[in-house]
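Shown next, in structure tokens, is the structure this report addresses.
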Amino acid sequence: PHEIIKSLGDGDGGEVAELQWKRIVDDLLKKGKMRNCLAVCDVSWSMYGIPMEVSVALGLLVSELSDEPWKGKVITFSEEPQLHVIQGDNLKSKTDFVRD
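Be aware that the sequence shown starts at 1, since it is given in the UniProt record's numbering, and climbs by one per residue.
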């Protein structure tokens, strides 16, 4: 999933990444796994680069696969951990929200 997140900056405006992300989410939802999970995303500065991308991608993926009450939520692991309701209407805005 982190490679999809990384490709959001490609020249197509993230359109291909959005489609790939939707496909992964849909395929995993059909399997019915990870419906009662809450991801903890390490977004501290020690995770800069690829580790941060992996953390954000997996956290976002788990949040989209989960049922209520965890759907669309992550806990950020940083200096001040918090439970967040992910904001955004597309993949880029959601990943930006989790990073910030």
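Glycine included, every Cβ here is placed at the ideal spot set by N, Cα and C.
Anyone know if the C-beta pair for residue i and residue j falls short of 8 Å?
i	j	result
A17	L91	yes
S63	N36	no
Ends of the beta strand (DSSP E) at residue i?
i	result
Q82	Q82 to V85
K73	K73 to F77
V40	A39 to D42
Using the rule of at least 16 other Cβ atoms within 10 Å of the residue's Cβ for burial, across every protein chain shown, is residue i buried or exposed?
i	result
S55	buried
I50	exposed
Q59	At residue 59 the sequence reads Gly, which differs from the Gln that was named. Buried: at least 16 other Cβ atoms inside 10 Å.
W45	exposed
L8	buried
So residue i and residue j are in contact, right, with Cβ under 8 Å, and what is the actual spacing, rounded?
i	j	result
V43	I75	About 10 Å; that fails the 8 Å criterion.
Taking the alpha helix (DSSP H) that residue i belongs to, which residues open and close that run?
i	result
S55	I50 to L65
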